[in-house]
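*Asks:* Which chain is which? The protein sequence lines are A and B, in order. Take 1267 as the starting number for the first sequence in the numbering used here and just add one per residue. Take 127 as the starting number for the second sequence in the numbering used here and just add one per residue.
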Amino acid sequence: QVTLKESGPGILQPSQTLSLTCTFSGFSLSTYGMGVGWIRQPSGKGLEWLANIWWDDDKYYNPSLKNRLTISKDTSNNQAFLKITNVDTADTATYYCARMGDFDYWGQGVMVTVSS
Amino acid sequence: DIQMTQSLASLSASLEEIVTITCQASQDIGNWLAWYQQKPGKSPQLLIHSATSLADGIPSRFSGSRSGTQYSLKISRLQVEDTGIYYCLQRYSNPWTFGGGTKLELK
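#1: According to DSSP, what are the bridge partners of residue 1311 of chain A?
#2: Using a Cβ-Cβ cut-off of 8 Å, state whether residue 1370 of chain A counts as contacting chain B.
#3: What number of angstroms, rounded off, separates the C-alpha of residue 1366 of chain A from the C-alpha of residue 1281 of chain A?
#4: Measure from the C-beta of residue 157 of chain B to each C-beta in chain A and report whether the shortest distance is under 8 Å.
#5: Ignore the nearest five residues each way along the sequence and tell me which others in residue 1379 of chain A's own chain have a CB closer than 6 Å to its CB.
#6: Can you give the Cα-Cα distance for residue 225 of chain B and residue 130 of chain B, rounded to whole angstroms?
#7: Thinking just about the alpha-carbon of each residue, which of B:206, B:202, B:173, B:145 is nearest to the one in residue 215 of chain B?
#8: If we count the other Cβ atoms within 10 Å of its Cβ and call it buried at 16 or more, is residue 169 of chain B buried or exposed?
#9: Can you give me the start and stop residues for the beta strand (DSSP E) that residue 190 of chain B sits inside?
#10: Going by alpha carbons, who is nearest to residue 1300 of chain A out of A:1322, A:1288, A:1289, A:1309?
#11: Could you tell me whether the Cβ atoms of residue 1313 of chain A and residue 213 of chain B are closer together than 8 Å?
#12: Output the boundary residues of the beta strand (DSSP E) element that contains residue 202 of chain B.
#13: Helix or strand or just coil, what does DSSP make of residue 1330 of chain A?
#14: Output, in chain order, the set of chain A residues within a Cβ distance shorter than 7 Å of residue 188 of chain B.
#15: With 7 Å as the limit, tell me which residues of the region 144-170 of chain B have their beta carbon closer than that to any beta carbon of chain A; keep them in chain order.
#16: From the DSSP output, in three-state form, read off residue 176 of chain B for me.
#17: Just the Cα atoms here: how many angstroms apart are residue 190 of chain B and residue 1332 of chain A?
#18: Report the rounded CA-to-CA distance for residue 203 of chain B versus residue 142 of chain B, giving the unit in angstroms.
#19: Starting from the beta carbon of residue 213 of chain B, find every residue of chain A whose beta carbon is closer than 8 Å, and list them in chain order.
#20: What in chain B is Cβ-close to residue 1374 of chain A, meaning under 9 Å?
Dropping the structure here:
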């Protein structure tokens, strides 16, 4: 059974760094072809793809967030991570992680609010 | 970036009706397209992958098709539980891009 669960700080202030963790089970990021992606959704709005990391440590980022994103993984502990630096109120959203290639399994999402 | 346009932001249909939701890609993306359904307060759920392949556990009334750079999601007989917002996603090239979504409601 594949499950994913996101965790994060809940609330943080502008200019801080957002650190998100995706803890998953039912698959391994050391298996050929596997990957985890991060997607976010501001309240009442659409979905935005942020970043992907693959089994071979290949990484891809949404250039709209320029150099603010860093994705990484801990294969031994079945976790993937996303860091977003220098957050502002526009980063307030629900953040999801999902299994790739087709995002066939998603976590429940974690709400993140950026507020001073 | 590849733009994915869902021209209908909302759609209202009756029970048992045939519903078609479309997504237009700004350039060729082959069959690298997926459809998702999202219900209020829930995570998106994969319905269709590779433009036409039904995801595991999804009812057969859902189907996907492609004509050039236009992709369609068809619901053959609308059920109450099919209400929600439908998104397309292209993963042909980075950045992966979602359509803006089509909200499907019951008439």
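All residues carry an ideal CB built from backbone N, CA and C; glycine is no exception. Note that the structure is a prediction, hence the values are computed from the model and not measured.
*Replies:* On the basis of the data shown:
#1: For residue 1311 of chain A, DSSP assigns no beta-bridge partner whatsoever.
#2: Closer than 8 Å to some Cβ of chain B, the Cβ of residue 1370 of chain A qualifies, so yes.
#3: Rounded to whole angstroms, the gap between the alpha carbons of residue 1366 of chain A and residue 1281 of chain A is 30 Å.
#4: Not closer than 8 Å to any Cβ of chain A, the Cβ of residue 157 of chain B fails to qualify, so no.
#5: If we look at residue 1379 of chain A and ignore the five residues flanking it on each side, its Cβ neighbours are 1277, 1358.
#6: Their Cα atoms are separated by approximately 5 Å.
#7: Selected option, being the one with the closest Cα: B:173.
#8: With a 10 Å radius around the Cβ and a threshold of 16 neighbouring Cβ atoms, residue 169 of chain B comes out buried.
#9: Looking at the DSSP string, the run of the beta strand (DSSP E) that includes residue 190 of chain B is 188-193.
#10: Comparing Cα-Cα distances from residue 1300 of chain A to each of A:1322, A:1288, A:1289, A:1309, the minimum goes to A:1322.
#11: Result yes, Cβ atoms of residue 1313 of chain A and residue 213 of chain B sit closer than 8 Å.
#12: Looking at the DSSP string, residue 202 of chain B is not in any beta strand (DSSP E), and its letter there is neither H nor E.
#13: DSSP places residue 1330 of chain A in helix when its eight states are reduced to three.
#14: What residue 188 of chain B touches in chain A: nothing, since even the nearest Cβ is about 15 Å away.
#15: Of all residues in the region 144-170 of chain B, those with a C-beta nearer than 7 Å to a C-beta of chain A are 160, 169, 170, reading in chain order.
#16: Of the three classes helix, strand and coil, the one that applies to residue 176 of chain B here is coil, per DSSP.
#17: Approximately 34 Å between the Cα atoms of the pair.
#18: So the alpha carbons of these two residues sit roughly 4 Å apart.
#19: Listed along chain A are 1312, 1313, each with a C-beta nearer than 8 Å to that of residue 213 of chain B.
#20: Here the neighbours are 168, 169.
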